[in-house]
Every structure is written in C-alpha cells, then in structure tokens.
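As structure tokens, then:
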C-alpha cells in the first residue's frame, strides 16, 4: 500500500511538472493610462446633512453648516471626468490572466445640491427693528476634486487578440477639495408691514446675489469597486498557436468600475472609460530544469 501511494505521488508530481513545462508562465510589466467619465454618488444614507427635509423650516446656523461644507447630501450626484495612470504585473498561462498593480487617479465632478429655500432666522435691522429673515440659497453648484491611489486585483482570459478581466479595486482618496457657488437671497418679514422687504441691497435684503464659498478640504475616503475590462491587442497578439512571448504588446480596452463599499458620508465613484495598456516581457529562464530521479 505504501509503495502504491508513493507511486501515485510520483506520477502526480511528474504530470504537474510536465504541465508546467508544456504551458509556461509569461510575465509582463504593465503600464496603462486611462480616461473616463466619472459620476460621484452620495454615500449618505437617509436624509441629507442636518437631517432636514425640503419642505421643512431650518435655522440659519443649521443652513450655514450645509452651505459650502462639501459634505454629501442624500440623492445628490455629480458628473465629470477622471484620468488615471497605472503600473503593475500581468501573468499569462495559456488563456489565463492574472493582473495586479498600483494606480493613481484624479477625479473632478460637478454636483447640483438641492436648493435651501425654507431657512428662517430672526434678525435686527440697522434701525434696531426686529424682523423675520427668510434666507434662500438657490442654483447651488459644487465642484469636487479628488486624487487617490488604488490597488487592482483582476483575473481573466485572453483568446487571440481579445481579452477580458474582472476583479476588485481598493481605492483611497488621499486628497480632496470642494467649492460651492450659487445665488443667495434674503427678505425681511416685518409684523408692521404687509409686504416683505426684498430687492433692497443697501439694507442687506438682496435677491439672487451670486455667492462663492472658499475651498474646503475633504477627508481621506476609502471605497471598494467591482471592475470589468474588455480589450483588443493592436500589436503583439498571439497568432494562432504561436505565442509572441518576447514582443511588447499594446492593447486598447473599455472598462467600468462601480463602488460597492465606501465610507459613510463620502462620495462613491462610478467610472466608465477607455484604457491603453502596454505589456513589456520580463526576463526569464529559457531552460526548464527538471529534477533527476
């Protein structure tokens, strides 16, 4: 029985060794550049910052913590663009592909948060009279800028000149800023007057006055993305059963990335774009050395 087990182990080892020699691994250094449409989606669950509802009155102080803060508000998303660069390692064996690496990404999007039109706070005018101030921020526009690093891990296959990869990408936004601009209005409601005061800029009662907030730094944020990529080898493709192992390969591809996890209170990106990839073969031993029995 012991000899039988030893014989099976020996045969299994020889078969595995033969398979490795028959289908050797090809190793490549990967360089890539991509450009994509970017959509930042609010990661907030439930109500927006401050837990207010669009038809609910809030105070001036509460509104001022929202305006220009750059914090995501429920249901708000932004559209923009995102270029990126990557370097990594790609392994090929027969039709199988393994790709890991490190990338950098810059993302710029523009969001349109909801108007704040039900903000009330009592004030005192220049003559010492008390009035109820009705504050409004409309046509709000927020510019979001993020830069980060990412680590993709992808598996897939290549058949001739066509390949497919799917996997995950862990991404961290290490830098970010947000700026907001829009229109601000204030009208004064007095008990002694029937009509509210508005359009009186010299008294502070302005209508649709442009405002712009200073840039606000955004905290670091993490997100995990599901990724897919399909492409075509425009140079260096395999020719039938003949593999051009020592040739630089150039690919063009389309890809998509969707955030499935991320920080609460952060924007989660969706990317769809095009990528150019260059593979450079890494040096390897040309002789398959087998153990002698």
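Residue numbers (this note's numbering): 331 to 623. Note that the Cβ used here is the ideal one computed from N, Cα and C, for glycine as well.
- Looking only at 599, 605 and 609, the smallest Cα-Cα distance to residue 370 is reached by 599.
- Residues of the same chain with a CB within less than 8 angstroms of the CB of residue 425, apart from the 5 flanking positions on each side, are 487, 488 and 489 in chain order.
- Among the bridge pairs identified by DSSP, residue 577 is matched with none.
- Scanning 553, 474 and 479 for the CA closest to the CA of residue 434 turns up 479.
- Taking every protein chain shown into account, the CB of residue 484 has 16 or more other CB atoms within 10 angstroms, so this residue is buried.
- Under the three-state reduction of DSSP output, residue 609 falls in the strand class.
- Residue state for residue 480 is assigned as strand, using DSSP reduced to three classes.
- Residue 397 and residue 510 have their alpha carbons spaced roughly 8 angstroms apart.
- Rounded to whole angstroms, residue 613 and residue 359 show a C-alpha spacing of 10 angstroms.
- Annotation for residue 456: no beta strand (DSSP E) segment contains it, and DSSP assigns it neither H nor E.
- If one requires a minimum length of 3 residues, the beta strand (DSSP E) runs lying completely within the region 404-450 are 407-423 and 426-441, in chain order.
- Beta-bridge partners assigned by DSSP to residue 464: 450 and 517.
- Using a C-beta cut-off of 8 angstroms, the region 529-536 makes no contact with the region 414-431, since fewer than three inter-stretch Cβ pairs fall below that distance.
- Residue state for residue 391 is assigned as helix, using DSSP reduced to three classes.
- No Cβ-Cβ contact shorter than 8 angstroms links residue 596 with residue 556.
- In the structure shown, the three-state DSSP call for residue 531 is helix.
- Excluding its 5 nearest sequence neighbours in each direction, residue 414 has C-beta neighbours in its own chain below 6 angstroms: 364, 433 and 435, listed in chain order.
- Secondary-structure assignment with DSSP links residue 370 through a beta bridge to 408 and 599.
- Beta-bridge partners assigned by DSSP to residue 502: 479 and 552.
- Restricting attention to 603, 589 and 590, the CA atom closest to the CA of residue 582 is found in 603.
- Between the alpha carbons of residue 368 and residue 444 lies a gap of roughly 20 angstroms.
- Across the set 465, 418, 416 and 410, the C-alpha of 410 shows the shortest separation from the C-alpha of residue 441.
- The straight-line gap separating the alpha-carbon atoms of residue 392 and residue 446 is approximately 11 angstroms.
- Between the C-alpha atoms of residue 388 and residue 450 there is a straight-line separation of about 6 angstroms.
- Between residue 459 and residue 520, the C-beta gap is smaller than 8 angstroms, which places the two residues in contact.
- Our two residues, residue 462 and residue 513, have alpha carbons roughly 20 angstroms apart in a direct line.
- Taking each of 473, 366 and 419 in turn and checking the Cα distance to residue 543, the smallest one comes out for 473.
- In the same chain as residue 560, and ignoring 5 residues on each side of it, the C-beta atoms closer than 7 angstroms to its own belong to 494, 583 and 584, in chain order.
- Taking a contact as a CB-CB distance under 8 angstroms, the pair residue 546 and residue 407 does not count as one, their CB atoms being some 19 angstroms apart.
- Residue 497 sits in a strand when the DSSP states are folded into three classes.
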